[in-house]
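*Asks:* In this note's numbering, the protein residues as written are 1 to 183. Each residue gets a CB set at the ideal place from its N, CA and C atoms; glycine is no exception. The model shown is predicted, which means the values in this text are computed figures rather than measured ones.
Written out as structure tokens, the structure reads:
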């Protein structure tokens, strides 16, 4: 039970750290919605047996987007959580195209838990591309994002949670349908 109190503390930290961040979509949804959705996918996929991974899901963009030090995450939520967050964090010093390429290349090398986290993140992102895509993204940009997300997820392998894989496939299909219906 004590571990689940840490989950709530992580949700609180994530809400504070991302308080001014919004999703890129036309709806400009609060970013915390994305983090909670990813954490919910993780909780379901692990049957609530891995609270550290749920915490990592809540914090997975803290270093990348808010420059929260890894050491602070480790101090507040433990080394396991900090390591998971680092494992799914892009190096923002690299050009965007290189970061995207590296996500595809490194996907097969991730730990099983990081693969699950990466998959949950991509499901959430594709749901956003379907429902509230960035207004400045033309249809082709949306389709390219969907294809890239599919390449990342393909690199994760088939041994990642089957139910979440199915959710990803449905989200990709719906996002592609939504984009093409605007052509």
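From this set, 97, 129, 173 and 162, which residue's C-alpha is nearest residue 119's C-alpha?
*Replies:* Out of 97, 129, 173 and 162, 162 has the C-alpha closest to the C-alpha of residue 119.
*Asks:* Measuring straight from C-alpha to C-alpha, what distance separates residue 42 and residue 57?
*Replies:* If you take the alpha carbons of residue 42 and residue 57, they lie about 7 Å apart.
*Asks:* Within 10 angstroms of its Cβ, does residue 199 collect 16 or more other Cβ (buried), or is it exposed?
*Replies:* Residue 199 is absent from the model: the chain starts at 1 and stops at 183.
*Asks:* Please report the distance separating the alpha-carbon of residue 36 from that of residue 11.
*Replies:* Cα to Cα, the separation comes out at about 8 Å.
*Asks:* Find the nearest neighbour of residue 125 within the set 15, 3, 23 and 160, judged by alpha-carbon distance.
*Replies:* The option with the nearest alpha carbon to residue 125 is 23.
*Asks:* Grouping DSSP H, G and I as helix and E and B as strand, with all else coil, what is residue 22?
*Replies:* DSSP places residue 22 in strand when its eight states are reduced to three.
*Asks:* If contact is defined by three or more beta carbon pairs under 8 Å, each pair taking one atom from either stretch, is the segment 61-71 in contact with the segment 14-32?
*Replies:* Touching, per the Cβ criterion.
*Asks:* If you compare alpha carbons, which of 92, 116, 97 and 134 is closest to residue 155?
*Replies:* That would be 116, whose Cα lies nearest to the Cα of residue 155.
*Asks:* Less than 8 Å between the beta carbons of residue 107 and residue 87, yes or no?
*Replies:* No. Outside cutoff.
*Asks:* Find the nearest neighbour of residue 132 within the set 3, 28, 68 and 48, judged by alpha-carbon distance.
*Replies:* Nearest option by C-alpha distance: 28.
*Asks:* Between which two residues does the alpha helix (DSSP H) harbouring residue 165 extend?
*Replies:* 162-180 is the extent of the alpha helix (DSSP H) around residue 165.
*Asks:* Looking only at its own chain, which residues have a Cβ that is under 7 Å from the Cβ of residue 153, when we skip the five neighbours before and after it?
*Replies:* Counting only Cβ-Cβ distances below 7 Å, and skipping sequence neighbours, we find 119, 122 and 168.
*Asks:* Using the C-alpha atoms, what's the distance from residue 71 back to residue 129?
*Replies:* Cα to Cα, the separation comes out at about 33 Å.
*Asks:* For residue 4 and residue 111, what's the separation of their Cα atoms in angstroms?
*Replies:* Approximately 23 Å between the Cα atoms of the pair.
*Asks:* Alpha carbon to alpha carbon, how far is residue 47 from residue 100? Give it in angstroms, no decimals.
*Replies:* Roughly 30 Å separates the two Cα atoms.
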